[in-house]
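Report on the structure given below.
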Amino acid sequence: MTSTYLNYKLISRDITKNLSEKASEKANSREIKYYSDHISEIKSVDDFIGNARIFNFAMQAFGLDDMAYAKGFMRKILAGPPDANGMRLVDRIQDARFREFANAFDFQTHGANTTQRAEARQAPIDSYVRQKLESDAGQQDEGTRLALYFKRQAGTIRSAFGILADKALAEVVRTALGLPPEMAMSNLDAQAALINRKLDIASFKDTEKLDKFIKRFTIMWDQKNDTASTPTLSLFGGSDSGFDTGLLLKLQSIRLGGH
């Protein structure tokens, strides 16, 4: 059985070639072409959310496909008014995926020109292909998918709460640090404090230290899992448990509403 670390290295060492091959697959190329051909027709948040195929493509691209049903919430992410302190809903959310999504489709700032920008045209396509590559890797070994995802997202992590807001990131950190699964049931402040004691989040900006951390995760993952077992899909999109709305509410002390 191939180790998770070897699977991860085989994919990541020639990532450009692997991404190109993934983009050329028939199903993927069809969705990419539709998005590329029609994104310029989107001029507003209403247009964006109203075009299910475009909207769902974008949600998949940012790893938010398990939230595609929550159109009211996503509308607030994109167009919600600031509070008395000038903070928008997206500014209060720890999960970096929402910030990246809102930045790409910032109709409040750029208006009808939003979809003419590279952030809304090419970046989502690149992210979509990367998501597909990681997802397919997870069909063989979920640990490989987690490692690839962590490598991609590490630079966006701002705090321990940012880790806890994302089930996949939290799984990688708990596994690498040898923390028991029961930790996820404990008080959030206590979880964050423990992560801060055991982990220097700033070290992820150092490529060598990040790679060592990912290698440590893959070794620990293989020790506690049968890598040939069924993938743990609930850590990502494609399962209604992939996004922990309850956890987000606890982290942000906000109400969803408008699903």
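In this note's numbering, the protein residues as written are 1041 to 1299.
Yeah, the Cβ is synthetic: ideal placement off N, Cα and C, and Gly gets one too.
If you drop the 5 nearest sequence neighbours on each side, which residues of the same chain put their C-beta closer than 6 Å to that of residue i?
i: V1169; result: L1059, K1062 and A1063
i: Y1045; result: K1255 and T1258
i: Q1134; result: F1201, G1202, A1205 and L1291
Beta carbon of residue i: closer than 7 Å to some heavy atom of the ligand GTP?
i: L1050; result: The model depicted lacks the ligand GTP and carries no ligand whatsoever.
Rounding to the nearest angstrom, what Cα-Cα distance links residue i and residue j in this structure?
i: T1272; j: L1234; result: Interpretation of T1272 is limited by its pLDDT of 47, a score under 50 that renders its predicted location unreliable; the figure taken from the coordinates is listed afterwards. So the two alpha carbons sit approximately 25 Å from each other.
i: P1221; j: T1247; result: 28 Å
i: Y1109; j: T1215; result: 30 Å
i: D1181; j: H1078; result: 35 Å
i: S1175; j: K1111; result: 24 Å
i: Q1179; j: L1173; result: 10 Å
i: F1088; j: I1082; result: 6 Å
i: Q1171; j: A1152; result: 27 Å
i: A1067; j: D1123; result: 42 Å
i: A1092; j: M1099; result: 10 Å
i: S1226; j: L1118; result: 32 Å
Leaving aside the five residues before and after residue i along the sequence, list all residues of the same chain whose C-beta is less than 8 Å from its C-beta, in chain order.
i: I1023; result: Limits of the chain in this structure are 1041 at one end and 1299 at the other, which puts residue 1023 out of reach.
Are residue i and residue j close, meaning C-beta to C-beta below 8 Å?
i: T1154; j: D1166; result: no
i: A1200; j: A1232; result: yes
i: E1071; j: F1102; result: no
Measuring CA to CA, which of the options is closest to residue i?
i: L1250; options: A1232, N1265, A1205 and F1190; result: F1190
i: N1265; options: M1225, P1122, G1183 and F1141; result: G1183
i: V1085; options: Q1148, I1051 and E1071; result: Q1148
i: F1253; options: L1228, L1188 and Q1162; result: L1188
Cutting at 7 Å between CB atoms, please list the residues of its own chain near residue i, excluding the five before and the five after it.
i: A1160; result: I1079, A1144, F1145 and T1154
i: S1069; result: A1063
I'd like the ranges of any alpha helix (DSSP H) spanning at least 4 consecutive residues and lying wholly in the region 1089 to 1177. Scanning the region 1089 to 1177 for uninterrupted alpha helix (DSSP H) segments of 4 residues or longer gives 1092 to 1101, 1111 to 1119, 1136 to 1144 and 1147 to 1150, listed from N- to C-terminal end.
At which residue ranges does the region 1049 to 1087 contain complete alpha helix (DSSP H) runs of 4 or more residues, listed in the order of the chain?
DSSP runs (the alpha helix (DSSP H)) wholly in the region 1049 to 1087: 1055 to 1064 and 1066 to 1078.
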